[in-house]
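What follows is a short report on a single structure.
Residue numbers (our numbering), protein chains in the order written: chain A, 1345 to 1696; chain B, 2 to 318; chain C, 458 to 970.
Okay, structure coming up:
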């Protein structure tokens, strides 16, 4: 049997190996199509961390990733799979912009109100699959997929018919609801980095605190590991499922607010998803569903996504290569069984 | 009234066809116990391959081009699906996560290669798409002929015929019995000498073939080119049809037809007096709302295969 | 020349970290019923899975009718005429009997179409030949457990099996069904089939089997002729020493009533009534044992008392206070502790540490939490106390509960439950699957707790345990309590009759019908 220490090492190695394999796969594809992988990857690196502007942009992209990553990770801990972060992002974004547009209040009321509204509505949107799962046993994966599309089409309709007069995007939100920061912008050479990163970091801390320190976290994890034993022990499993999905949805809703109040300051009609929610699944998986892991994974994915934009200009490589790399990373994190198997095999060989 | 039906039915058939193909793929995969959220990605692959084939070989094969494009798309998507089988069946990956990765991979590869080969994010429009036609003999039937068989795509009827074939295969043949057994109780199947892994690989590959057909039909009848926004949600809507149709090929076909109807209504509602005042968004979201209702048991309870989503580990209970 | 149909010689099978079988030899003669005896976890099922091709042995050889064979998958086992009925039936619930039986070797017509009519006829004929009375067209989910077992037997016969392996075949059956099964087995042997029966029930071996091979902790102990041995000898072979079946205890002096159950009706998960008007009580300083064949409402009764299952009517009172309709948490707080039957499913969160499991019901109370914040130091201190007092062998209180052995997991649960000083302690099959040392420890603990003034309700499917530990025995049959007797005033035969629903003069509770 494996001892605890080597098990921990393997748990840490799996995401690292997955990332490595993903990058190697990307390199091989570049070679096949006649690109220089070194040039490609250095373009990727420069595009993510090359100068202060790119660092600012990367952190800007990391902000919603942290929140959607937390959303998915939080639900995972209770044994729930929230594929609905995508839809929760949309409703959070929409509501934040809505409040940002129509409310007239000083900044210390307006901004918190807009942020809070996004969290609340995102939470409510997470509550729907939560209650369906808790009360009727409906699998949350399918419900959240359906809710994603409902959110997408409804938001588009509201933007077109309610918030504007058949326009493709809303007006800019009032400055009193904006997360943008002159200070952060000028510090990062006018990237779109905004105060949202602070909110994201606080939320990560909050998730860690709830999971590790509170009785609520103890219950949520117990329900995730073994709902039968949790019920036997007197915990309210259904209530925990609903609370978890609500908190998860609130995290994702906040992720939407980051875009609506920070990065863009408006919302436009979307033909397809922003993929913030789906990427959040990758972030959570790679981060082993822990708050600290989510921070690192969000940084990686933010850097990949932002750095990718530099690849066509600097190395002529289509930026979609990064999507392929991300897909490979997800495959291998998900297939951790095989990596674990190989690692234990290798260890055995060593011991012989 | 006949005019109205004539306006609604052919586009409904036209919108449903890709959903029917893909949903049938979903039925095979899920009946064998493998969740397939990657239907979207399989459709993307099918759409991409069929468009590339069509653009490349239009001059060589002439009017056969769309048919060959469909077949090639089905084959390539079937091969592509092996990745999902490998991850879920052999590597015991979470089925949902692997499906998401399939979607990412298909879109990433599709657009990457599009840029690689066409130097931009969107291909040219194809020159040899499928065309609407009047089906010989049947279209001459009074009333019914004009509603169902005039100005339709032959692919719509191919989809419907395949749904019956799928039903026959799943419920009447030994292959189908084994496939369903693997999805309900893999260990029972194993002890009866059925190779669970092989059955699941085959089922997932079949889902890839059908997803490829669905994607190619969408591309060759509706989209006519390929870009990152060619397939947006049709795969997930097909998954909804699988569930709404209670994992039954004919049920899935019915659901797909119904969803296709909703889509066609959302497009042409402005010209129909009765639907003029219904906001388009209600018709757009109807398939998704109804699927949630179906799952919640408001429209008869949908029972998934018992071992759906479980990776089979030999020798464990 | 010997007449063995099956020979397994020197079999060794390892799993990561465990040797499940080591140098085991099993030789089965044609036309005999051969018992494979051993405690839970001794390696019986592993050995049979090797024979059936589900596992491959690391060492040793297998001979069928004298010929050495390599059985690398169940198909080969089938071809060699070996069939197995697993303890958990390998049946696809939504399929029909026939579909299950032909699965994997379906008769087909053109285009792969199954010839279901022909198959149904064959299955029905086979069923009639052996007197199995199975309906070929019924769906598995609609037929009884006993019938399902016959479907499994039919499945093997359909495949032309000569050697039938039955894994704990009587565990799920009523006494009536057991007798029918014995008839079936004997008619099979008459037809020239050989049967291997995995079991740990000594009396059944004495009754049915010709020879018996014993394995203990993964190693083969030997094979005996059943005619030439006794129950006591078999038991000694199985556990490795003479077992004292008696737990030392004084006579009980029951005090006031702790638990009072009146006219209780409870439904099972399919909403079928399974507890049908039970009346009984448990007093302080008393161990009340519930005897009965599994599936007569015992599980649902316990779940109802613990608040895990809704009751239909009647009352459950603890210290004269109604506790039916209270939540599991409230019932725990009122003073009920519960050692659940399925310790890994209900009793523990296996991924949690020993510490975290030690406070599974009390984590929200002081001193384990303050202002909804866990106090990890206090929790660890408490867990250390339980670990010491109940001899839970674990490297640390931070180890995962999963890493503990079954006996240590159970001791952790018992420690946790008993430490709350409950008025009522419900013990559901507290020694299932444990080794003899752990069983003795737990029996002594139950008696100790009785003497400390608790009322104890013991549910067990092992008559020995019921006799050994209880001060009073309630026999349940078909959702009713059919007898309420003292162990000294009855014997196993009598209890057996009562458990089978027979009327016993002077023992049976009068039933108004």
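All residues carry an ideal CB built from backbone N, CA and C; glycine is no exception. Quick caveat, the model's predicted, so the values are computed rather than measured.
CA-to-CA distance, residue j to residue i, given in whole angstroms
i               : j               : result
residue 105(B)  : residue 892(C)  : 52 Å
residue 736(C)  : residue 601(C)  : 28 Å
residue 617(C)  : residue 185(B)  : 25 Å
residue 241(B)  : residue 1536(A) : 38 Å
residue 870(C)  : residue 624(C)  : 29 Å
residue 1655(A) : residue 1384(A) : 6 Å
residue 1688(A) : residue 473(C)  : 11 Å
residue 530(C)  : residue 172(B)  : 27 Å
residue 466(C)  : residue 514(C)  : 11 Å
residue 28(B)   : residue 1589(A) : 29 Å
residue 557(C)  : residue 252(B)  : 25 Å
residue 1448(A) : residue 1442(A) : 12 Å
residue 234(B)  : residue 1405(A) : 24 Å
residue 699(C)  : residue 686(C)  : Note that residue 699(C) scores a pLDDT of 49, beneath 50, so its modelled location is shaky and nothing firm can be said.
residue 1560(A) : residue 1464(A) : 19 Å
residue 1(B)    : residue 78(B)   : Any question about residue 1(B) goes unanswered here, given that chain B covers just 2 to 318.
residue 819(C)  : residue 1490(A) : 39 Å
residue 935(C)  : residue 526(C)  : 47 Å
Contacts that residue i makes with chain C (C-beta to C-beta distance below 8 Å)
i               : result
residue 1570(A) : 802, 805, 806, 807 and 808
residue 1634(A) : Simply none; closest approach about 14 Å.
residue 190(B)  : 549, 560 and 561
residue 1417(A) : Neighbours of residue 1417(A) on chain C: none; closest Cβ ~16 Å, over 8 Å.
Any non-hydrogen atom of the ligand MN within 7 Å of residue i CB
i              : result
residue 675(C) : By its list of ligands, the structure shown contains no ligand whatsoever, and the ligand MN lies outside what it can speak to.
Per-residue contacts from residue i into chain B (C-beta, under 7 Å)
i               : result
residue 570(C)  : 173 and 174
residue 1490(A) : 241, 289, 292 and 293
Same chain, Cβ closer than 6 Å to residue i, five either side skipped, listed in chain order
i               : result
residue 887(C)  : 796 and 899
residue 198(B)  : 90
residue 1366(A) : 1669, 1672 and 1673
residue 338(B)  : Chain B is shown only over 2 to 318; residue 338(B) falls outside these bounds and no answer can be derived.
Same chain, Cβ closer than 7 Å to residue i, neighbours up to 5 away in sequence not counted
i              : result
residue 717(C) : 738 and 774
residue 299(B) : none
9 Å Cβ cut-off: residues of chain C touching residue i
i               : result
residue 1325(A) : Residue 1325(A) lies beyond the residue range present for chain A, which begins at 1345 and ends at 1696; the question has no answer from this structure.
residue 1356(A) : Those within 9 Å of residue 1356(A) in chain C number zero; the least Cβ separation is about 18 Å.
Under 7 Å by beta carbon: chain C residues contacting residue i
i               : result
residue 1577(A) : 817 and 818
residue 1557(A) : 830 and 831
residue 178(B)  : 556, 560, 563 and 571
Same chain, Cβ closer than 8 Å to residue i, five either side skipped, listed in chain order
i              : result
residue 227(B) : 48, 49, 52, 53, 111, 115, 123, 124 and 220
residue 93(B)  : 312 and 314
residue 83(B)  : 202, 205, 206 and 209
Contacts of residue i in chain B (Cβ-Cβ under 8 Å)
i               : result
residue 555(C)  : Chain B residues near residue 555(C): none, gap ~10 Å exceeds 8 Å.
residue 1497(A) : 282, 285 and 286
Under 7 Å from the C-beta of residue i: neighbouring residues of chain A
i              : result
residue 797(C) : 1576
residue 765(C) : 1575 and 1576
Partners in chain B for residue i, counting only beta-carbon separations shorter than 9 Å
i               : result
residue 1377(A) : 113, 114 and 117
Practice item. Could you tell me which uninterrupted alpha helix (DSSP H) segments, each at least 4 residues in length, are contained entirely in the segment 1529-1564 of chain A, listed from first to last along the chain? Key: The alpha helix (DSSP H) runs lying completely inside the segment 1529-1564 of chain A and spanning 4 residues or more are 1540-1557, given in chain order.
Exercise for review: Ignoring anything shorter than 4 residues or poking outside the segment 1454-1534 of chain A, list the alpha helix (DSSP H) runs there in chain order.
Suggested key: Runs of the alpha helix (DSSP H) inside the segment 1454-1534 of chain A: 1484-1502 and 1526-1531.
**Study point:** Positions along the segment 1465-1483 of chain A whose CB lies within less than 8 Å of some CB in chain C
**Key:** none
Review point. Fully enclosed by the segment 698-737 of chain C, which beta strand (DSSP E) runs are 3 residues long or longer?
Key: 714-724
**Study point:** Within 7 Å of chain A by C-beta, residues of the segment 84-104 of chain B in sequence order
**Key:** Correct list: 88, 92, 93, 94, 95, 97, 98, 99, 101 and 102.
**Study point:** Contacting positions in the segment 809-843 of chain C - beta carbon closer than 8 Å to chain A
**Key:** 809, 813, 817, 818, 820, 821, 826, 829, 830 and 831
Practice item. Identify each residue in the segment 1656-1679 of chain A for which the Cβ-Cβ distance to at least one residue of chain B is less than 7 Å, and report them in chain order. Key: 1662, 1664, 1665, 1667, 1668, 1670, 1671, 1674, 1675, 1678 and 1679
Review point. Got a sec: which bits of the segment 770-787 of chain C sit with their beta carbon under 9 Å from any beta carbon on chain A, in order along the chain?
Key: 784, 785, 786 and 787
Point to revise | alpha helix (DSSP H) runs wholly inside the segment 728-797 of chain C, at least 4 long, in chain order | key: 755-762 and 785-791
Point to revise | Complete runs of the alpha helix (DSSP H) confined to the segment 1369-1422 of chain A [at least 4 residues] | key: Listed in chain order, the complete alpha helix (DSSP H) runs (minimum 4 residues) inside the segment 1369-1422 of chain A are 1381-1393 and 1396-1421.
**Study point:** Proximal residues, the segment 1611-1641 of chain A versus chain B, C-beta separation under 7 Å
**Key:** 1615, 1616, 1622, 1625 and 1629
Practice item. Any chance you could list the beta strand (DSSP E) runs of at least 3 consecutive residues sitting entirely within the segment 830-914 of chain C, in chain order? Key: 881-885
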